[in-house]
């Protein structure tokens, strides 16, 4: 549908420079033909003719038409959204509704839930909350911790655990080499056995 600017002269079928007398004559002639009470009457056409007559004879209506292009004054502007034709066709309405439902009622909550579930495990500094609790527990329990024990607590971070970090790969040799290294580096007194969590 193409936008056509409203022209009261065209509605009354008179020239732009027509006098008030000619406008009145054209209005009477057309109103006799298109009046709704007549056999040849057309209600919509008669309303357009009456509106055009008012636009050309009434000062305020004429001013509105000159300023806004509409005898009624400023109107609501309608804008269309460029959507593909298949989206608005009636046959496809159930499919479009199904896609919107799937997108907004299933996919969006799943994505947001997965993101929330992953992000709730971390502090704002991207440190696992379990690791933060571990540090807090040990540094509160032993405020003047020796450097050896600090290294032990740091090594116990949950970021190094394969259940909390999928990138960790345990090698078969870890079960043999790590205990040997630990026993050579730490005394039995240094080992902290009490789990904080």
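In the numbering used here, the protein residues as written are 1280 to 1476. Built from N, CA and C at the ideal position, the CB exists for glycine as well.
Please classify residue i: is it buried, with 16 or more other beta-carbons within 10 angstroms of its beta-carbon, or exposed?
| i | result |
| --- | --- |
| residue 1373 | exposed |
| residue 1361 | exposed |
| residue 1379 | exposed |
| residue 1387 | exposed |
| residue 1344 | buried |
| residue 1358 | exposed |
| residue 1418 | exposed |
| residue 1302 | buried |
| residue 1350 | buried |
| residue 1306 | buried |
| residue 1335 | buried |
| residue 1313 | buried |
| residue 1331 | buried |
Helix, strand or coil for residue i per DSSP?
| i | result |
| --- | --- |
| residue 1358 | coil |
| residue 1442 | coil |
| residue 1317 | coil |
| residue 1305 | helix |
| residue 1457 | helix |
| residue 1298 | coil |
| residue 1312 | helix |
Check the Cβ-Cβ distances between residue i and every residue of chain C, and say whether any is below 7 Å.
| i | result |
| --- | --- |
| residue 1309 | Absent from the structure is chain C; it holds one protein chain and no more. |
What are the start and end residues of the alpha helix (DSSP H) that includes residue i?
| i | result |
| --- | --- |
| residue 1449 | Residue 1449 -> no alpha helix (DSSP H), and no H or E assigned at all. |
| residue 1327 | 1322 to 1336 |
| residue 1431 | 1426 to 1434 |
| residue 1287 | 1287 to 1291 |
Between the beta-carbon of residue i and the beta-carbon of residue j, is there less than 7 Å?
| i | j | result |
| --- | --- | --- |
| residue 1328 | residue 1290 | yes |
| residue 1410 | residue 1436 | yes |
Alpha helix (DSSP H) segments (min. 4 residues) lying fully within the stretch 1339 to 1417: Taking only runs of at least 4 residues, the alpha helix (DSSP H) segments lying wholly in the stretch 1339 to 1417 are 1364 to 1367, 1372 to 1380 and 1387 to 1398.
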